[in-house]
Each structure stands twice: as structure tokens, then as C-alpha cells.
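Chains A and B, in that order, are what the protein sequence lines are.
Quick note: the first sequence uses our numbering, first residue 229, plus one each step.
Quick note: the second sequence uses our numbering, first residue 13, plus one each step.
Everything below concerns the one structure shown next.
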Amino acid sequence: MAQNTSELNVVGKSVPRIDAHEKVTGAAIYVDDMQFGPGLLFGKIVRSKVPHAIIKKLDVSKVLAYPGVKAVVTGKDTPKPFGLYLKDRTIFVTDRVRYVGDAIAGVVAISEEIAEKAADLIEVEYEELPAVFDPYESFQPDAPIIHPDLGKYEVVPFIFPQAGTNISQHFKLRKGDVEHAFDQCALILEDTFRLPQIQHVPIEPHCAVARWDIDGNVTVWAASQSPFAQRDLLAQGLDVPHGNLRVIAPYVGGGFGGKAGISIEANVVAMSRAVKGHPVKVRNTREEEFVGTNVRQSVHAHYKIGVDKDGNLLAMEAQYYFGGGASNEYGVNIVRAAGYSCTGPYDIPNVKGDSYCLYTNTQIGSAMRGFGMPEIHWGLEQMMDRMAEKLGIDKAEFRRKNCVRTGDIILTGMTMPDIDLVACIDKVAKAINWGKKEEPSAPNKKRGKGMAIMWKAPAMPPNPGSSAIVRFNEDATLNVYVSGQEIGQGTFTVMAQMAAEAVGIPYEWVRITASPVDTKYSPYEWQTVASRLTWSMGNAVRAAALDVRQKVLDVVAKYWNEDPKDLDIKNGIVVSYKSEKEQPLQKMVVYGLPNENYEGWQGGPIVGSGSFMPTYVTGLDYDTGQGARAVVHYTVGAQAVDLEVDTETGQIDIIKIASAYDVGKAINPDLVLTQIEGGAVHGMSSAFEGYVFDEKGRMVNQSLVDYKIATAMDAPKKIHGDIVETPLEDGPWGARGVGEHVMVQTAPAMANAIADAVSIRINNLPLSAEKVYMMMHKEEFEK
Amino acid sequence: MLHEITLTVNGDPYTVAVKSHYTLLKVLREQIGLTGTKIGCENGECGACTVLMDGDPVNSCLVLAVEADGHAIQTVEGLSKDGKLHPLQQAFIDHNAIQCGFCTPGMLMVAKGLLDKNSDPNEDEVREAITGNLCRCTGYIRIVDAILDVAKKGEF
């Protein structure tokens, strides 16, 4: 092939974001900015005030009688179960509420004010049932059963609910002989760790508009990471053919997993069915955002880990109990991911892992940045730190010695694809001056450093697909149609770079035609989750771009009477390496080229397509979790934290966070760094966050004042990022994803740094100043 | 009860009828049609709705529309002039200080409010000025760098 692939024009360059101009001028459109005219109606979702109860009576007559109310929708209107992996929920509850916040009814009115006032008039009579909020309590045989019909729910083949219990999923991992291996260990450590539920807190609250037309066509405008998956779920839940359902999804004002799958969108569609022809809009208040949308699951994790006298990891036992909330339709797969990755990024020959998803009477657990990995690395990376400490081995060295390497047969039996975690450890150690004790800034402060490493695979069904369509305009600008969502990660920019590179045109000529994504016109994309777009959608875009490239070359080759193999496209001009002729792309990509003496024409409007789907992922054995290929690949990385603890208040100040991730190939290096920086602060913030409930399961910190996320004053001033590039075999230009990984191990790296500073070990998040202070002065308090 | 108010938005005079409890945010978005100013919490906790009122940054969700009567409001839509981006907008692009973009309009306005009062802030002053504006994506570092860069160049 004439194209010189070693010289890249735009892939690997930090070009400016393609969406930046729209976003700095206020022109970028989010769902709430879309205009629907005077026919727009407003909806309010009425939510349960008790954690677990049978609904004895539901009286909506007063609501309906309120002037301006157009309809009230309840579970009677939405009896059909739906769900991504496990069909365990209905759009509105039918007979029972399972958490404070469960959707009981939807009120549609001519104004927001009327909908809100009328919603207060709903009369619900509850027969309260015992509730369970903690995952480990939910696991116990005497726990109140939250889904008595669990055995009857439809479920995908790789999820295993246990009827008669609260266990919606049990993933078992068995490798080697753990019992025998523990006998050989020189040191065994065992401990329990816990994490509360936390929230994504995108600055844009969930917002959806739906219109059910009289002819049966349904349109939804949603803040969504998953327009196609949402269409699929809505089709299931509401018995509408896929072809009649249209999801339109513009820019997303922050997702982090919270806008993956479905939350209020299904409620809004069901509400719109009652007022056919009128669009109905629901926009969550910040309080509703906390109470009524999905969260990261709570976890109770237990580890037993053993090493030989030289510090080689020999055996590990882990039990993960995830509090999945009232519905586990999405959460079951997070638990599966935690199960098949349960060792973290370590090579351990003997493993016994049990990962459980448990129903709890709390907010619904779902996807959140990291997808099970922050939850398991929190305890695991502290265990490894303690192990090294007890053995007297440097903590970075202990990790270098035991971490996964290319070619290792990992816990599921899969061969580890090419990665370089040791390089990541080396880079963060250098950036943080590992091993050098730094001076604290004041006498009442103590300073420490900590490290943590991570791995994460895209957690998906085996066959999630991507597709792309590309189309030339007359001036040779190129429209690239994709359905991966721009949620801030920069995917539009990266796709434009890939398309430009593969065709051979300037980056500035590419237009990403995806805001909004419209399932009626846009090509299929599974979901914007799992840090999969750069890899999966990137492969589809590259294929589509190569398709139009070939079509252009074929037309020009015929026109010049040459072999397409001798031609190339350079900077938007077709060149021949043989005849040295040149042909600009302008006009010919739509109008074609004339034959000699205008005796007929060649070509025509050039359109290309491409798709990608991994075909090699295998099932895993139910009893052992073993299989040839559990996942598509892993991204690995390391982080190190330098911090100070105020011994008088327990306050933690982060001085610096250093991170390094192996991204295969950085398509846009500066965008990779912005992910690394933002993720480190997200990870840091998450260590201080947590839902707080009263004894009745009511969230008590449902505002941004009481549920604090990191501000510019809290975030560290120094955030260092490094990029390692070990190419991924089936990644476009070798690239793999890095969006979620960047926050996975920040919290344990902080805990390890706190241990280094003040010699305390904190097993349960959040890392509140109060908790740190109490633990530092434990002996005094115990007196 | 409806009140007729007159306010200047990005230099243009508007007269609108508002209810007593309407916020400036609601009027800007729904009655004047400027949707660049975002709704994040409606409680003054996130800063996404920050606009300048007579040059001072305010959370427009906490300002009643009637309080804005007779005042001059600047929103993100009024930042660029004659098709040329404001230096803060350009700096946000150059520093990759934008991700999802939802906090960006509020960030730009609070930064303009700061620089108009203090043309040479240090890093701590910038961080303090934007501390009421939450960003979940960037970790703030690029935003702070962008603002400091504009201040350093002094052309705004």
C-alpha cells in the first residue's frame, strides 16, 4: 500500500476540541435548551416516602380534579417488566415500593407549578414491610425479601439470580487450590472494607421530553449516554416497535454512568402516552436527582490474602457484597465485572472469589465511572500496602513484583493482552518523588505518600456493536455520523482525528454529525459506557473512512487510467506516486469525474460505512468463572498521592496526585491528560462522598451543600499525568480507552498516603475529617 | 400577579411580564430565549446559572426577576463581540478547560466578573472566585490556568 502508515498527520496530535466553540459561546444545545412551543406539558413524578411497603390503596382522584392537570399515570398503566440484564422493574411500581424515592405516579399538567402542587394531593396507603439497607444484612438468610418473584424474572444467560433470596447475581471465580496455597504462605492478612452509595452528580440534572403521537410513533428527547439502549428498553417496557420509537439525544452535561441505561426517561414516555400529541417534559430538581436517580452501589468487601516469604502473592479469597438497591437490572453486570476482575491487577495463582449483587431498600445501583473497580480496589489496594509493610518491602516494589504482565494467564484463564503496568508504576513513582519524605507545611500537619494501581476491562455483553457512516459534501468536508455521545470526554474530537487520518484530509474538514444523536437517522451504537468508544466506535469510524478513501481512489484511478495502489490522498488531494498527477477532492467527491472528451462520467456522491463488534469474547463457567476470553482487553494504570493530615482537625489536604495509564495510543494526548486530571479530582472527591440515611431509609443529605463535591478550593493544585503507549492489537492505531480508569484507585492511594502520614488505616469510606481525627486519637476516645 | 419589568441583557433592552416568584434564570431562558445560562440546582449551590448583574457575578437562580428590573445583565451569549471570541473564551479553548461544557458559561461569567475587578489575580484568588461554580469533569486545573493566562496577557 502506497500510504505511509508510519507518518501520522493528525492522530497523536493535541488538536483543539471540535465541540469547544459551541460550548464557550452558549450555543451548545442540551435537552433542557430545546424548544417545544406552547403545547408543551410538564410532568412531576410522585415518589415513595417509605422504604418498603405494599401499596394498599392509591387514590389519584384529587390530583385529577386539580385544574390544569391533564393526566395521572400509575403502575396500572405500566405493568410490563423491563430491564437491561434482568427484568426486575416496571416503569411505575405496581403493588409495592422498594425504596424512599420509588416512582409511584406521574402527574402531567399545563405548568410545572400545577404539576408540583397537584402531585402533593396523591393519597397512598402503605402496609409497611421490614426493610434492609445494608448489603451484608441483605445477604443473611433472615433478611426481608425484597423481590419475592425473583425466580420468575426474565434474565440474560450470564446472570444468575437465586430465587427466595435477595441475591440477584452470584459470580464465582475458582482458580488453583486456595486452601492448600494458604498453608504455604509466610504471611496471611484478612480484613473487611465498606463503601457507601455515592452519586455521579453531573452538573446537568436528568431531563427528558417525550411525545406520543396519535399515529403511534413515539419521540423522546433525553440527556442520555445510551440513546439506542434506551430505545431498546423503552420498546420492551412499552410494547412499541423499535422502528416507531425515536430517541433524540443532544450534548450531555456530564454523565459518569448516571445517564447510561434508563432512569426518568421511561416514566416520561409512559406519561406522554396519556396525553397523545403533546410533548411532556420532566426535569429533575437537584433533590430529585439525589433521591430518584441511579447511584454507585454500596459494598461490603472481605479479603484474605497470602504471600510467601519472598513477597510473592500466592492466594486470595475475596467476598464482595454489593448493595444493588431496589432494582438490579443493570447492577448485576457490575457485580459480574467485580467478580471476574476480583484480584485487581495482580498475578495470583490461587483465587477464590465470590461476588454477590443484593437487593436493598435504597436507590437503584447502576453504572458509575469505574463500574465495580473503585469498589474492589478500595480494600484491595490497602491490603497490598499492608502486606508490603509487614514484609518490609517497598510498596512500589511489591506492586512491581506482583502485578500482571503481558502474557500472564490471569484469574479467568485468559491470556493478558499487551500492557505495561510496571512502566506506569515507574512513572508515578518518579513524578511523586517516591521514597523521599517531604516536610509538612505546618507543625500541626503530617505528610505522607501513597500509591495504588488498577486494572479495568470494558464490562459489556460479549457483543456490543458500533457503526459509522461518512459522507462527503461538495467542498470535500466530511460528515461523520456516529451515535457515541459527547459527554465531555472528547470523543467527537478523537473521532474527527481518526476520520481525517484514515481518509487523508485535514482535521478541520471533518464534521461530527451526532449532536443530537437521532436513532431515526444515526447509525447504531450500543452505549457510551465502558470507556469503549475510542476503541470500538473508533474502529467503526476508521473502517468507514477507509471505505470512502478506497471509493475515491477507485474513481480517480479509473479517470487517470492508473492502478489505485499507486495513488494516495494527502491533505485532501489525490496524488499519484507513479504519474505525479494531482486531483483535489473538491467537487469530484459529489459530482464525480468526466471521461475523456466528456464521453460519460465516473463516480458520484461518495458515502462510506463501517462497523465493529468484538467477536472473540467467550462465556465463563458458572462454577469457576473460567473461560478462554472473559473480556476484550484491560486498561491498567498507577496513581500516587502526596498529602497532609491536619492532626488537630483530621482534615486532609492533597498536595499532588500523579497518574499514569497505558492507553495503547493517545489519539489526542492532551485530551488523555484532561481525563487523567479530571478523573483524579473525581476520585479524590468520591473519597469524601456518601449517601447518609436516617433509620427509615430517607436520604438526609440530598443537596449540594450537604452532599459536597470537590470545589476549586478542595482540588489539588498539582495534578500530574503520564501516558504509556503499549499498542492494543485490535485498537484503532493501537488505542484503548481511559475515561473511567482515572478515578478507580485514587481513594485507596489517599488512604495509603494517610497511613504513611499518621499510621492509621481507614477501612470504611468516606474519609471524613471527623473519622480521621477519631482514629488518630482512638486511644483517648476509648478511655 | 404579573409585574412588567425592564432590563438590559447583553446591551439590548427587554420589557417582560413576570410573576412575583419568577427568577432571573427563568426569564433569561424561557422569556428572552437565552439558554446558554444553565440550570444545575436552582438553589445557588452549583454556579451553572452565573450571570453578571451590573458587572457582579450572581447566581441567576437566586435573583428574582423583579429584582433585576432596571439592571444590566450580561450572559455568556454576550461575551463574544463582532464574531470574535472574548479572550476568556479563547483561553478556555486553548487550555482544554472544557469537557461536558455545562459549567462553562457560568465559569466564563464568574471569571469575567473577577478579572473586571482584579486584573492580576493570583492562583488562590482565582480558585476562591470560582469556588461556588462546580465542575465535575475537569478537576478545575485547566480552568484556573486559562483564567490566569488571560490575566497575564492583560488583553481583555
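Backbone N, C-alpha and C fix where the C-beta goes; we use that ideal spot for every residue, glycine too.
Tell me the DSSP secondary structure of B/V75 in three-state form. Taking the first residue of the second sequence as position 1, residue 75 of chain B is located at position 63. DSSP, reduced to helix, strand and coil, places B/V75 outside both helices and strands of the structure shown, so it counts as coil.
Check whether the Cβ atoms of A/V972 and A/M682 sit closer than 9 Å, and answer yes or no. Against the first sequence, residue 972 of chain A aligns to sequence position 744. Against the first sequence, residue 682 of chain A aligns to sequence position 454. Their beta carbons are under 9 Å apart, which means A/V972 touches A/M682 by this criterion.
Residues of its chain near B/A29, where Cβ-Cβ distance is below 6 Å and the 5 sequence neighbours each way are ignored: Numbered from 1 along the second sequence, position 17 holds the residue referred to as residue 29 of chain B. Excluding residues within five positions, the ones whose Cβ falls inside 6 Å are L14 and E16.
A/K272: buried (16+ other C-beta within 10 angstroms of its C-beta) or exposed? Position 44 of the first sequence, counted from the start, is the residue given in the question as residue 272 of chain A. The C-beta of A/K272 has 16 or more other C-beta atoms within 10 Å across all chains shown, which makes the residue buried.
Distance, Cα to Cα, A/G607 vs A/D323? As a first step, residue 607 of chain A must be located in the first sequence, where it is residue number 379. As a first step, residue 323 of chain A must be located in the first sequence, where it is residue number 95. Between A/G607 and A/D323, the C-alpha separation is close to 39 Å.
Helix, strand or coil for A/W662? Go by DSSP, reduced to three states. Taking the first sequence and counting its residues from 1, one reaches residue 662 of chain A at position 434. The answer is coil: DSSP assigns A/W662 none of H, G, I, E or B.
Across which residues does DSSP place A/E365 in a beta bridge pair? Working through the first sequence from its first residue, we reach residue 365 of chain A at position 137. For A/E365, DSSP records no beta bridge to any residue.
Hey, out of A/I431, A/T705, A/V708 and A/T762, whose CA is closest to A/A963's CA? Taking the first sequence and counting its residues from 1, one reaches residue 963 of chain A at position 735. The residue with the shortest Cα to Cα distance from A/A963 is A/T762.
Using a Cβ cut-off of 9 Å (strictly closer), state whether A/I476 contacts chain B. Walking along the first sequence from the start, residue 476 of chain A turns up at place 248. For A/I476, the answer is no, since every Cβ of chain B falls outside 9 Å of its Cβ.
Please classify A/V328 as buried or exposed, where buried requires at least 16 neighbouring CB atoms within 10 angstroms. Numbered from its first residue, the first sequence carries residue 328 of chain A at position 100. Burial call: buried.
Quick check on DSSP: helix, strand or coil for A/V632? Translated into positions along the first sequence, residue 632 of chain A becomes position 404. Looking at A/V632 - three-state DSSP - the assignment turns out to be coil, as it is neither helix nor strand.
Contact check, A/Q867 vs A/A624, beta carbons under 9 Å: Sequence index remark: in the first sequence, residue 867 of chain A carries index 639 (1-based). Sequence index remark: in the first sequence, residue 624 of chain A carries index 396 (1-based). Remark: C-beta atoms of A/Q867 and A/A624 do not approach each other more closely than 9 Å.
Out of A/L286, A/E341 and A/A858, which has the shortest C-alpha to C-alpha gap to A/M642? Here residue 642 of chain A corresponds to residue number 414 of the first sequence, with the count starting at 1. That would be A/A858, whose Cα lies nearest to the Cα of A/M642.
Just to confirm before moving on: does the CB-CB distance between A/A979 and A/Q610 stay below 9 Å? Within the first sequence, the letter at position 751 stands for residue 979 of chain A. Within the first sequence, the letter at position 382 stands for residue 610 of chain A. Yes.
Which chain A residues are close to B/I142, counting only those with a beta carbon under 7 Å from its beta carbon? Counting from 1 along the second sequence, the entry for residue 142 of chain B is found at position 130. Near B/I142 (Cβ distances below 7 Å), the residues of chain A are A940.
So A/L899 contacts chain B; which residues on that side make the cut at Cβ distance below 8 Å? In the first sequence, the residue the question calls residue 899 of chain A occupies position 671. Those within 8 Å of A/L899 in chain B are N108.
Whose C-beta lies closer than 6 Å to the C-beta of A/A463 among residues of the same chain, with five residues either side of it excluded? For this step, residue 463 of chain A is matched to residue 235 along the first sequence. Counting only Cβ-Cβ distances below 6 Å, and skipping sequence neighbours, we find H470 and L473.
DSSP three-state label for A/R474, please. Translated into positions along the first sequence, residue 474 of chain A becomes position 246. If DSSP states are grouped into helix, strand and coil, A/R474 belongs with the strands.
CB contact below 9 Å: B/P69 versus chain A: Counted from its first residue, the second sequence places residue 69 of chain B at position 57. Taking Cβ atoms only, chain A never reaches closer than 9 Å to B/P69, which makes this a no.
Apart from the five residues just before and just after B/L160, which ones in its own chain have a Cβ nearer than 7 Å to its Cβ? The residue labelled residue 160 of chain B in the question sits at position 148 within the second sequence. So the qualifying residues of the chain are E135 and V138.
Helix, strand or coil for A/L995 per DSSP? Taking the first residue of the first sequence as position 1, residue 995 of chain A is located at position 767. Correct three-state label for A/L995: coil.
Which residues in the same chain as A/S452 place their Cβ atom closer than 6 Å to its Cβ, once the five residues preceding and following it in sequence are excluded? Counting from 1 along the first sequence, the entry for residue 452 of chain A is found at position 224. Cβ within range, chain order: Q458, A477 and K487.
Cross-strand partners of A/V497 (DSSP beta bridge): Position 269 of the first sequence, counted from the first residue, corresponds to residue 497 of chain A. Answer is none; A/V497 lacks a bridge partner.
Taking the Cβ atom as the reference point for each residue, do B/T27 and B/P117 lie within a distance shorter than 9 Å? Position 15 of the second sequence, counting from 1, holds the residue named residue 27 of chain B. Position 105 of the second sequence, counting from 1, holds the residue named residue 117 of chain B. No.
For my contact list, A/V860 and A/P842 are in at a C-beta cut-off of 8 Å; report their separation, rounded to the angstrom. Here the question's residue 860 of chain A lines up with position 632 in the first sequence. Here the question's residue 842 of chain A lines up with position 614 in the first sequence. Yes, they are in contact, since the Cβ atoms of A/V860 and A/P842 sit about 5 Å apart, within 8 Å.
Where A/L417 and A/C652 are concerned, what is the direct C-alpha to C-alpha distance, given to the nearest angstrom? Residue numbering aside, residue 417 of chain A sits at position 189 when the first sequence is read from its first letter. Residue numbering aside, residue 652 of chain A sits at position 424 when the first sequence is read from its first letter. So the alpha carbons of these two residues sit roughly 26 Å apart.
Beta-carbon spacing of A/V776, A/V698 below 9 Å: The residue labelled residue 776 of chain A in the question sits at position 548 within the first sequence. The residue labelled residue 698 of chain A in the question sits at position 470 within the first sequence. Here A/V776 is near A/V698, since their CB atoms are less than 9 Å apart.
Which residues in chain B have a C-beta closer than 8 Å to the C-beta of A/Q717? List them in chain order. Here residue 717 of chain A refers to the residue found at position 489 of the first sequence. What A/Q717 touches in chain B: Q111.
Between the segment 489 to 516 of chain A and chain B, which residues of the former have a C-beta closer than 9 Å to a C-beta of the latter? Under the 9 Å Cβ criterion, the segment 489 to 516 of chain A contributes R511, T513, R514 and E515.
Counting only Cβ pairs nearer than 7 Å, list the residues of chain B close to A/Y479. In the first sequence, residue 479 of chain A corresponds to position 251, counting from 1. Those within 7 Å of A/Y479 in chain B are G113.
Is B/F168 closer than 9 Å to B/V120 when the C-beta atoms are compared? Position 108 of the second sequence, counted from the start, is the residue given in the question as residue 120 of chain B. Position 156 of the second sequence, counted from the start, is the residue given in the question as residue 168 of chain B. Checking the displayed sequence, the identity of residue 120 of chain B turns out to be Leu instead of Val. Contact: no.
What does the alpha-carbon distance come out to for the pair A/R245 and B/T143? Taking the first residue of the first sequence as 1, we reach residue 245 of chain A at position 17. Taking the first residue of the second sequence as 1, we reach residue 143 of chain B at position 131. The straight-line gap from Cα to Cα measures roughly 25 Å.
Got a sec: which bits of the segment 561 to 582 of chain A sit with their beta carbon under 9 Å from any beta carbon on chain B, in order along the chain? Residues of the segment 561 to 582 of chain A with a C-beta atom less than 9 Å from some C-beta of chain B do not occur.
Kindly indicate which three-state DSSP category A/E923 falls into: helix, strand or coil? As a first step, residue 923 of chain A is located in the first sequence; it is residue number 695 there, counting from the start. A/E923: coil per DSSP, three-state reduction.
Looking at the strands, I want to know which residues DSSP matches up with A/E355. Here residue 355 of chain A corresponds to residue number 127 of the first sequence, with the count starting at 1. A/I282, per the DSSP bridge assignment.
Would you say B/F104 faces chain A, with C-beta separation under 9 Å as the test? On the second sequence, residue 104 of chain B is found 92 positions in, with the first residue counted as 1. For B/F104, the answer is yes, since a Cβ of chain A falls inside 9 Å of its Cβ.
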